[in-house]
Amino acid sequence: MAHRLSILLNLVAVVLVGGFAASALVRFSPGFDVDENSWNPKFSAATLEAMHRARERDNSLPRFYLHYLAAAMRGDLGQSESLKIPIADLLRERAPVTGRLVALGTAGGLILGVFAAWAAVWPRRMGLEILAVSSGGLLLAIPPAVLALAFFFQEAPLSPAVALAVFPRVFGTMRAILEDLFASPALLAARARGTRPSTIALRYVVAAALPQWVALLGVALVLAFGFIIPIEALCDVPGIGQLAWKAALSRDLPLLCGLALIITFAVASVQTFGELIGSKA
Amino acid sequence: MIWIRRVAWAVLIPIVALGIFAPLIAPYSYDRQFRDDAGAAPSHRFPMGTDEIGRDRFSRLVYATRVSVLLAPAAAMASILLALAISGLLKYGRSAFTTVCLSLPWLFLFIILRAELPLNTGPAVSVALTFGLMGVAGWAWPARVFTASIGEMKQSGWLMQARAAGVSGWRIATIYAWPHLRSIALAQFRVLVPAYILSEASLGLLGLGVPDPLPSWGNLLRDLQHPEVVRSNPWVLAPLGLLMLVMLCLELLHSRCEVAL
Chain A
1 MAHRLSILLN
11 LVAVVLVGGF
21 AASALVRFSP
31 GFDVDENSWN
41 PKFSAATLEA
51 MHRARERDNS
61 LPRFYLHYLA
71 AAMRGDLGQS
81 ESLKIPIADL
91 LRERAPVTGR
101 LVALGTAGGL
111 ILGVFAAWAA
121 VWPRRMGLEI
131 LAVSSGGLLL
141 AIPPAVLALA
151 FFFQEAPLSP
161 AVALAVFPRV
171 FGTMRAILED
181 LFASPALLAA
191 RARGTRPSTI
201 ALRYVVAAAL
211 PQWVALLGVA
221 LVLAFGFIIP
231 IEALCDVPGI
241 GQLAWKAALS
251 RDLPLLCGLA
261 LIITFAVASV
271 QTFGELIGSK
281 A
Chain B
282 MIWIRRVAWA
292 VLIPIVALGI
302 FAPLIAPYSY
312 DRQFRDDAGA
322 APSHRFPMGT
332 DEIGRDRFSR
342 LVYATRVSVL
352 LAPAAAMASI
362 LLALAISGLL
372 KYGRSAFTTV
382 CLSLPWLFLF
392 IILRAELPLN
402 TGPAVSVALT
412 FGLMGVAGWA
422 WPARVFTASI
432 GEMKQSGWLM
442 QARAAGVSGW
452 RIATIYAWPH
462 LRSIALAQFR
472 VLVPAYILSE
482 ASLGLLGLGV
492 PDPLPSWGNL
502 LRDLQHPEVV
512 RSNPWVLAPL
522 GLLMLVMLCL
532 ELLHSRCEVA
542 L
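First to last, the sequence lines map onto chains A and B.
The numbering of the first sequence is this note's numbering, which starts it at 1 and goes up by one.
The numbering of the second sequence is this note's numbering, which starts it at 282 and goes up by one.
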């Protein structure tokens, strides 16, 4: 119970630190202190000075952070400087596209990883093992964006490209988990008793490995989110990755930091979920 | 599998040498333009042809190898040093700050940091900043491993004995702790180098990495966005081939090579 509580507290700390980092980046971004009213000839020097002092007081980092966090809790992440649209609206519009791509890609990568790891460990056939290891190694050597471009030019869906990028990065861990399980005394005893292979697979392997595979989900999701930026940007997918790329090119820091906060929260939540499942097991 | 490693080294060493001796090997400078030969097909004069503004593709590939192959280890070294410093300072395992850095896709973190930089930075400074930021942004992964290892070390009897004997903190770190951490640092270095090579390629493809006219494998890969260029001159795939070759060799060096080949 205490362990689970500490995991949840860690999630809260992550979000608070992430929010602080995001607000500090926005606060100290170039041009943040520039007020367009300072060039307005209608204001007197005294008025401008008063406005400047008020702005300085409101923009001290702790106060700015509290305002930023309070607004973020209400769903207000500010406005994009380059697009002049509320960041929350942009996220609402684009999140489903990225969500679908990340979910399908992660699921595909994990499923591929399970099958390849199984093929490398279970039948003990050198050909299968070499095929699984070499395909993982080859895919690891290709930049995910290049992989996605190959799919894009063939007018194929992009989620398999994300899956092929995720698969080699989770394959090693999945293989190690399965190797440990196949060497476990319980499984060896079951084999010696002549238990059917399907029963061994379901009861002794899948059931035992599932919590660890779920814990891997967090890692796979972080990876998939990382691949999404170049893939969406190069393949013209109107998702969050493309939005982040456009924000970087136009130096739209409020948008970048809003995205960072949301992505940190999403990924940390998934990791926490994985850790909770792991601690339950 | 010693012979696999030997093959990997045999491939890697000439590629690294190509990068180190780029000015001696490349027939032209990476930014020299032959305006009458823009978009030229491969020929005796230009073995891989020229790009759309008349620069020799072969010379640019040789110089790109220098940037990508030599600076990625430097960035990895920076990450390791930073991770060691931060892990030494962290008292209680994984901090929330480490977790934030691990939760955020590093490419995302990188583009945020990149967006903070001034627009008028020159190519050389920009290259240093690109790899420098990679080094800074990538500290969290090795830090997690170092922190766990330092945590274990703090519980060990030899450390308590050294402390009880009044050995100074600096001496404990350099004489007692470093030999334990060295192998971990080396393993992390081997993991980070290919990761940074691949990351530079992704950033270059996005136009956020090494800026023109300085070539890198990443910005040379941008030609792959135009299938008609690939069809007319397959040599534009050479940077991808070289990148994959280096990545495969690094994987072979790093892997346990358990497959009984």
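Backbone N, C-alpha and C fix where the C-beta goes; we use that ideal spot for every residue, glycine too.
Straight across, the Cα-Cα distance linking Trp290 (chain B) with Ile301 (chain B) is about 16 Å.
C-alpha of Ala70 (chain A) to C-alpha of Gly432 (chain B): approximately 36 Å in a straight line. CA-to-CA, the gap between Arg336 (chain B) and Asp493 (chain B) works out to about 12 Å. With a cutoff of 7 Å on beta-carbon distance, Val343 (chain B) and Leu299 (chain B) are scored as near each other. With a cut-off of 8 Å on Cβ pairs, the region 204-216 of chain A is not in contact with the region 141-155 of chain A, counting fewer than three such pairs. Contact check between the region 230-244 of chain A and the region 89-103 of chain A: three or more CB pairs, one atom from each, fall below 8 Å, which counts as touching.
Minimum Cα-Cα distance from Phe412 (chain B) among the listed residues B:Arg444, B:Gly369, B:Pro460, B:Leu479 corresponds to B:Leu479. Sequence-distant partners of Glu232 (chain A) (beyond 5 residues in either direction) whose C-beta falls short of 6 Å from its own C-beta, in its chain, are Gly239, Gly241, Gln242. If you check the CB distance, Ala161 (chain A) and Leu147 (chain A) come in under 7 Å.
DSSP places Arg92 (chain A) inside the alpha helix (DSSP H), whose first and last residues are 87-121.
Between Leu521 (chain B) and Arg503 (chain B) a beta carbon distance of about 11 Å is seen, past the 8 Å cut, so the two are scored as non-contacting. When the beta-carbon positions are compared, Ala319 (chain B) and Leu501 (chain B) stay at least 7 Å from each other.
Residue pairing from DSSP places Thr331 (chain B) in a beta bridge opposite B:Asp337. Counting only residues of its own chain and dropping the five nearest sequence neighbours on each side, Trp498 (chain B) has a CB closer than 6 Å to the CB of Ala345, Ser349, Ala482, Pro520, Leu524.
The residue among B:Ala424, B:Gln506, B:Glu509 with its C-alpha nearest the C-alpha of Ile361 (chain B) is B:Ala424. Identification of residues in the region 486-503 of chain B having a C-beta nearer than 7 Å to some C-beta of chain A yields Leu486, Leu487, Leu489, Leu502, given in sequence order.
Chain order gives the chain A residues near Leu505 (chain B) as Val146, Leu149, where near means a beta carbon separation below 8 Å. Shown here, Gln436 (chain B) sits in coil according to DSSP, grouped into three states, outside any helix or strand. Counting along the chain, Ile177 (chain A) sits inside the alpha helix (DSSP H) bounded by residues 159-182. Among the residues of chain A, those whose CB is under 8 Å from the CB of Pro508 (chain B) are Phe153, following chain order.
A distance below 7 Å separates the beta carbons of Trp516 (chain B) and Met329 (chain B). Looking at the DSSP output, Gln79 (chain A) sits in a beta bridge with A:Pro86. Residues of the region 509-523 of chain B that bring their beta carbon within less than 7 Å of a beta carbon in chain A comprise Leu521, in sequence order. Within 7 Å of the CB of Met525 (chain B), the CB atoms of chain A belong to Ala141, Ile142, in sequence order along the chain. Here DSSP, grouped into helix, strand and coil, assigns Gln314 (chain B) to strand. For Asp504 (chain B), the three-state secondary structure derived from DSSP is helix. DSSP places Thr411 (chain B) in the uninterrupted alpha helix (DSSP H) bounded by 404-418. Taking CB atoms only, Ala233 (chain A) has a neighbour in chain B less than 7 Å away. Interface flag for Ala468 (chain B) against chain A is unset, since no Cβ pair is found closer than 7 Å. The way I'd put it, the region 215-232 of chain A does touch the region 158-172 of chain A; three or more beta-carbon pairs between them come closer than 8 Å. The beta carbon of Trp420 (chain B) sits closer than 6 Å to those of Ser360, Leu363, Ala364, all from its chain and outside the five residues before and after it, given in chain order. For the pair Ile130 (chain A) and Gly136 (chain A), the Cα-to-Cα distance works out to about 10 Å. When secondary structure is reduced to three states using DSSP, Ala319 (chain B) falls in the coil class, being assigned neither helix nor strand.
Taking 7 Å as the cut-off, the Cβ atoms of Ala117 (chain A) and Leu181 (chain A) do not count as close.
Using beta-carbon distances, Pro254 (chain A) does not count as an interface residue toward chain B, since no partner is under 7 Å. Under the three-state reduction of DSSP, Pro496 (chain B) is assigned to coil, being neither helix nor strand.
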